[in-house]
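Let me begin by presenting the structure, written as structure tokens, before commenting on it.
Numbering (the UniProt record's numbering), first residue to last: 1 to 380.
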């Protein structure tokens with residue numbers, strides 16, 4: 001009975017087996033299409049799926065990469081733990097010629113956490129930054145040599161040569177001149193005219209300088225001092241000066257001196273002029289003067305002056321004593337109608353000391369005077 005039923009069922013079994021084989025062949029030739037599948041209801045549980053033991057080396061992705069562009073991952077629940085791919089073997093995966101297309105993926109909601117990328121294990125030793133150098137540093141020794149970087153050309157030959165005399169005259173090679181009257185004033189106490197002038201001619205570094213100062217009373221030149229100097233720029237704002245000084249007196253004897261000094265602008269804007277003198281018969285002298293200008297406005301200026309003279313020997317015939325001979329100080333307020341012309345008013349104080357004061361008293365002269373002054377300052 002059982003044999004009869006089995007025999008009668010054989011055609012059905014054979015037909016079923018044939019259909020299964022055909023279906024298996026169809027599935028083998030085409031990949032399963034997941035694009036229409038709804039993954040939103042899929043629950044992966046509390047733990048992420050572990051692919052660590054899966055062997056992907058035998059997986060065949062075909063000639064084209066899997067297209068995830070139509071898949072809806074928005075409702076997939078991976079819970080709190082990320083999928084662990086650390087033990088997956090990707091070395092034998094075959095992606096063929098086309099890379100996975102991420103162009104349609106939305107990365108805006110990806111969370112990379114609070115930690116920055118750690119570069120501590122990166123090997124930078126092979127990185128080549130070339131010959132990059134920082135700015136600054138010491139200039140080469142020939143930086144100011146005009147011929148060091150000329151490619152062999154000079155002013156006298158080459159495609160840029162110009163015939164004639166000097167082809168180039170630099171700014172510090174031009175010659176200039178100036179005449180400046182620091183003080184040209186009437187002193188009311190002595191009813192006399194006092195002057196202090198300076199002039200020079202030459203270049204920025206080398207000049208011929210002249211300094212004049214003296215006093216005129218009753219139309220006569222009472223005394224004067226003239227310095228004729230060669231002035232050489234030796235430092236920023238400072239000149240060294242070498243030359244001769246000539247003293248003349250209405251009553252007395254003229255003197256000549258060898259002069260050596262410095263003139264310039266000291267820190268905090270003090271104008272300083274210091275000169276040492278060596279005369280005949282072993283006479284020595286020193287003169288120093290300092291000026292400071294206080295600007296109330298760009299045109300209203302208060303000038304303060306202090307000066308002294310000292311001698312190494314008595315010169316009785318000219319009323320000059322050994323040691324500190326005189327000290328003077330003054331203040332003058334000027335208004336510059338232009339930079340070249342400025343009238344002023346002020347006060348001047350002068351006193352004699354030591355043997356110079358004794359000589360003045362012997363000649364019935366005052367040892368100190370204070371005088372109101374009015375004058376003009378100009379230059380051109």
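For every residue, glycine included, the Cβ atom is placed at its ideal position computed from N, Cα and C.
- The beta carbon of residue 221 is closer than 7 Å to those of 214 and 250 in its chain, skipping five residues each way along the sequence.
- Fewer than three beta-carbon pairs drawn from the stretch 169-176 and the stretch 349-367 are found closer than 8 Å, and the two stretches are therefore not classed as touching.
- Distance from residue 149 to residue 177 at the Cβ level is roughly 35 Å; contact not present, criterion being Cβ atoms closer than 8 Å.
- For residue 234, the closest alpha carbon among the candidates 282, 182, 206 and 255 is that of 206.
- Per DSSP, the continuous beta strand (DSSP E) segment holding residue 304 begins and ends at 300-311.
- Taking C-beta atoms as the reference points, residue 241 and residue 257 fail to come closer than 9 Å.
- Listed in chain order, the non-local C-beta contacts of residue 328 below 8 Å within the same chain comprise 305, 306, 307, 308, 348, 349, 350 and 351, local neighbours out to five positions each way being set aside.
- When secondary structure is reduced to three states using DSSP, residue 148 falls in the coil class, being assigned neither helix nor strand.
- By the Cβ neighbour-count rule, residue 270 is exposed, with fewer than 16 other Cβ atoms within 10 Å of its own.
- Around the beta carbon of residue 179, fewer than 16 other beta carbons lie within 10 angstroms, which makes this residue exposed.
- For residue 318, there is no enclosing beta strand (DSSP E), as DSSP gives it neither H nor E.
- When rounded, the separation of the alpha-carbon atoms in residue 292 and residue 265 is 10 Å.
- For residue 353, DSSP records no beta bridge to any residue.
- The C-beta of residue 138 has fewer than 16 other C-beta atoms within 10 Å across all chains shown, which makes the residue exposed.
- Bridge partners of residue 246 according to DSSP: 226 and 256.
- When DSSP states are grouped into helix, strand and coil, residue 359 belongs to the helix group.
- Here residue 282 is near residue 312, since their CB atoms are less than 9 Å apart.
- Within its own chain, the residues whose Cβ lies closer than 6 Å to the Cβ of residue 194, once the five positions on either side in sequence are excluded, are 185, 187 and 215, listed in chain order.
- For residue 326, the enclosing beta strand (DSSP E) starts and ends at 323-335.
- Judged by DSSP in its simplified three-state form, residue 285 adopts strand.
- Contact annotation, residue 277 with residue 299: C-beta distance approximately 37 Å; criterion of less than 8 Å not satisfied.
- Collapsing the DSSP output to three states places residue 364 in coil.
- Here DSSP, grouped into helix, strand and coil, assigns residue 233 to strand.
- The C-beta distance from residue 310 to residue 286 rounds to 5 Å, short enough to fall under 8 Å.
- When secondary structure is reduced to three states using DSSP, residue 171 falls in the helix class.
- DSSP lists 376 as the bridge partner or partners of residue 343.
- Excluding its 5 nearest sequence neighbours in each direction, residue 314 has C-beta neighbours in its own chain below 8 Å: 320, 321, 322 and 355, listed in chain order.
- Straight-line spacing of the CA atoms in residue 371 and residue 301 works out to 20 Å.
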